[in-house]
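Take a look at the structure below.
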Amino acid sequence: MRFFDFNREFRDRFHFSWMTICLVMVMLLPFILFFGLLFKSTLILSSNSLGDLLFSSIWRPVRGEYGFLPFIISSVWVTVLSMLIAGPVCLLTAIHLTQYARKYVLRFMHPVIDILAGIPSVIFGVWGILIVVPFVGNYLGPWLGKEVSGYSILAGSVVLSIMIIPFVLNILIEIFRTIPIELSEASLSLGATKWQTIKYVMIKKALPGIISAFGLGVSRAFGETIAVLMVVGNVAKIPTGTFQPGYPLPALIANNYGEMLSIPQYDSALMFAALVLFVVVVVFNLASRTVIMRYERTS
Amino acid sequence: MKAEERFFRIFMFLSTLLIAVALLLLIASILVKGLPAISWEMISQTPKGGYYFGKEGGILNAILGSLYLSLGATFLAFIVGLPVALFMNIHLINRKKLVNSIRFFLDLLWGVPSIVYGAFGFTLMIYLGLRTSLLAGIITVTLFIIPIMVRGMDEVLKTVTRGLYESAMSLGSTKSETAYFIFFRQCIPGIITAILLSFGRAIGDAASVLFTTGYTDYLPTSLSQPTATLPLSIFFQLSSPIDEVKVRAYASAVVLTVIVLTISILSRYFTKRFHQHKISD
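Chains as they are written, first to last, in this note's numbering: chain E, 1 to 299; chain X, 300 to 580.
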């Protein structure tokens, strides 16, 4: 400590101020994000009504018509479908890993989940193009009697579901671990089998947690960009089936930004799209995290 | 009931297997496609004329660009993130409710998609009068990884026993000395894990740098120049109709995967170290 000349009290004050400044900056960040995007969207919100923007399916930027419905519907399709795939897989795996699995399975699966969580989305996109798209286009489509290219809502959902599995799975494992052991012991001592305990006691206890884990998965899936963009086909039309190409909101922003700077209205429309994404994701996050927090407090 | 359990156990086993197989398939398919195309030339040269038509050159611009970008962003996020994490766990040690709401906020921020940060960063960039540049990219990615960094360090710091805080305070050290000399030292391996995790996020994300960092064939020599990044180089090369270029996208994917896997292995090592030296109640 003698390396420093000025006194310790002063140094403590300095660090305290710097820490407070950093904390306040970080806490303000979500508000800055929200108001920044809102401010940029005022232009489009003043020329087009909110209802038109959200519920019209006419997308003609050149003529000033910005109906986001095709993109919103594509996003919903991709998100719901990927959760339908990832949800059951995560729930079953979480039960398996926390209740049944042997030590060596755990020792193997933990790194697998970690690595899967760390793989960049562009790599998932490459994998999607290499494996998922040809599989959907050459096998699954013809097998179901459909003439498809493979670049579809379905391909996007499969890629997305693998991406969100580690994320949802980690939360689920955490939730099953926080269930008090006394609860299952009580059930077992009353003569219930292990399976009955899991089915009637543990799942029932964990239900709010499970639902909010899925909610967090939805918010993660809704905002994922590059991987989905690479395999989903990007056609600005309301999709009518899972084998059709779609065009989710994040892909719309990623594909058009930068080029459209010359048209202020288009620029503003894309910022509005980002705002919609932000709001949807934050609402889902808020709801899910509130439930999880309350759940952890009670157990 | 017995049959039902057996039925579900089979499905549980299958879904666990599915996850492992998905990862193996993912890595295997990228290695099979990419390894044959990888060469020393590929990772040691910048693109030469006609590179995007299958002529010679490499992706050194993207590799170095990505490293500069992620190192810069990780460094900035560390400077802002470490004080926040320490503040939450030392100065606010008696304000559990407040700390929990801060955690709640950070988790919320963590959930914001990177494309939103990208769009916001772009607006910020225009507002500040910057062009697409390394600096704009670093700022955007910093915003994007700060919540990851803070929550990562916070998870480690909150496991330190309260006794350590009390002994340090009773020996007369100030709160910031307790924070930087005691808690920080104690948690170094765990903090390195948090840094590595953020670095991995920073190097792998494409959506936040798409509009802010731009793309160029040259090595960046200053913060105000546009910079190539690995995820974007994969993305752009893959959308080319020429096969030679597509193969290079796979090779670039191998490079990125290897970097990310190395980070993953390193962080596992440091997590282990942290648990070995942990002081528990």
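Built from N, CA and C at the ideal position, the CB exists for glycine as well.
Just confirm the distance between the C-beta atoms of residue i and residue j, as a whole number of angstroms; I'd bet it's less than 8 Å.
i        : j        : result
Ile226/E : Phe534/X : 7 Å
Val228/E : Pro250/E : 7 Å
Leu270/X : Val126/E : Here chain X comprises residues numbered 300 to 580, so residue 270/X is not present and cannot be evaluated.
Ile392/X : Tyr479/X : Wrong, their Cβ atoms sit about 15 Å apart, outside the cutoff.
Ile292/E : Ser184/E : At roughly 20 Å, the Cβ-Cβ gap does not stay under 8 Å, so Ile292/E and Ser184/E are not in contact.
Gly357/X : Thr345/X : 7 Å
Val148/E : Val136/E : 7 Å
Using a Cβ-Cβ distance cut-off of 8 Å, determine whether residue i contacts chain E.
i        : result
Ile494/X : no
Pro346/X : no
Phe306/X : no
Asp453/X : no
Tyr514/X : no
Gly428/X : no
Ser367/X : It should be noted that the sequence gives Tyr, not Ser, for residue 367/X. With 8 Å as the cut-off, Tyr367/X does not count as an interface residue toward chain E.
Ser469/X : no
Phe510/X : yes
Asp542/X : no
Arg567/X : yes
Tyr549/X : yes
Lys474/X : yes
His390/X : yes
Ser314/X : yes
Taking C-alpha atoms, which residue in the options lies nearest to residue i?
i        : options                                   : result
Leu322/X : Gly64/E, Ala251/E, Ile115/E and Met19/E   : Ile115/E
Val282/E : Phe135/E, Leu229/E, Ala221/E and Phe243/E : Ala221/E
Met83/E  : Phe135/E, Leu160/E and Val148/E           : Leu160/E
Leu169/E : Gly150/E, His110/E and Ala192/E           : His110/E
Phe108/E : Lys545/X, Leu316/X and Leu555/X           : Leu316/X
Met27/E  : Met341/X, Val449/X and Pro412/X           : Val449/X
Tyr247/E : Ala101/E, Ser46/E, Leu154/E and Pro88/E   : Leu154/E
Arg289/E : Asp406/X, Phe419/X and Pro346/X           : Asp406/X
Ala274/E : Thr458/X, Pro412/X and Leu366/X           : Pro412/X
Ser551/X : His574/X, Ala527/X and Lys571/X           : Ala527/X
Met19/E  : Ser328/X, Ala384/X, Gly513/X and Arg308/X : Ala384/X
Pro519/X : Gly364/X, Phe310/X, Phe312/X and Val331/X : Gly364/X
Asn256/E : Val398/X, Ala506/X and Ser472/X           : Ala506/X
Phe312/E : Arg297/E, Asn285/E and Ile119/E           : Chain E is shown from 1 up to 299; residue 312/E falls before or after that span and cannot be answered.
Arg13/E  : Arg461/X, Pro335/X, Phe374/X and Lys474/X : Lys474/X
Leu54/E  : Gly36/E, Phe39/E, Ser74/E and Phe35/E     : Ser74/E
Ile119/E : Phe498/X, Lys545/X, Thr515/X and Phe573/X : Phe498/X
For residue i, decide whether its Cβ has a neighbour in chain X, counting only Cβ atoms nearer than 8 Å.
i        : result
Val250/E : Note that residue 250/E is Pro in the sequence shown here, rather than Val. Taking Cβ atoms only, chain X reaches closer than 8 Å to Pro250/E, which makes this a yes.
Met293/E : yes
Pro245/E : no
Phe68/E  : no
Glu174/E : no
Lys40/E  : yes
Trp195/E : yes
Ser75/E  : no
Met25/E  : yes
Phe55/E  : no
Ala254/E : yes
Phe10/E  : no
Arg102/E : no
Phe31/E  : no
Val62/E  : no
Tyr257/E : yes
Thr93/E  : yes
Met19/E  : yes
Arg289/E : yes
Met109/E : yes
Met83/E  : no
Excluding the 5 residues flanking residue i on each side, which residues of the same chain have their C-beta closer than 6 Å to its C-beta?
i        : result
Val455/X : Cys486 and Gly489
Ala236/E : Trp59, Pro70 and Tyr247
Near residue i, what residues of its chain come up, given a Cβ to Cβ distance below 7 Å and the 5 sequence neighbours on each side ignored?
i        : result
Glu9/E   : none
Ile198/E : Ile95 and Gln99
Leu565/X : Leu495
Thr511/X : Gly417, Gly420, Phe421, Met424, Thr431, Ala435, Gly436 and Thr439
Ala467/X : Thr477 and Ile481
Using a Cβ-Cβ cut-off of 8 Å (strictly less than) and excluding sequence neighbours within five positions of residue i, which residues of its own chain qualify?
i        : result
Ile179/E : Met202, Lys205, Ala206 and Ser299
Met1/E   : Its pLDDT being 49, under 50, Met1/E is placed unreliably in this model, and the value from its coordinates should be taken loosely. Around Met1/E: Arg8.
Ile173/E : Ala94, Leu97 and Thr98
Beta carbons nearer than 7 Å to chain X: which residues of the stretch 275-287 of chain E have them? Leu277, Phe278, Val281, Val282, Asn285 and Leu286
Quick one: which residues of the stretch 524-536 of chain X get their C-beta closer than 7 Å to a C-beta of chain E? List them in chain order. Pro530, Ile533 and Phe534
In chain order, what residues of the stretch 121-145 of chain E put their CB closer than 8 Å to some CB of chain X? The stretch 121-145 of chain E vs chain X, Cβ under 8 Å: Ser121, Val122, Ile123, Phe124, Gly125, Val126, Trp127, Ile129, Leu130 and Ile131.
For the stretch 410-428 of chain X, enumerate the residues whose C-beta is nearer than 9 Å to any C-beta of chain E, in chain order. Of all residues in the stretch 410-428 of chain X, only Gly410, Val411, Pro412, Ser413, Ile414, Val415, Tyr416, Gly417, Ala418, Phe419, Phe421, Thr422, Leu423, Ile425 and Tyr426 come within less than 9 Å of chain E when Cβ atoms are compared, listed by chain position.
Using a Cβ-Cβ cut-off of less than 8 Å, list which residues of the stretch 212-243 of chain E approach chain X; keep chain order. Leu216, Ser219, Arg220, Phe222, Gly223, Glu224, Thr225, Ile226 and Met230
Could you run through the stretch 318-340 of chain X and flag, in chain order, every residue whose CB is less than 7 Å away from some CB of chain E? The residues in question are Ile318, Ala319, Ala321, Leu322, Leu324, Leu325, Ser328, Ile329 and Lys332.
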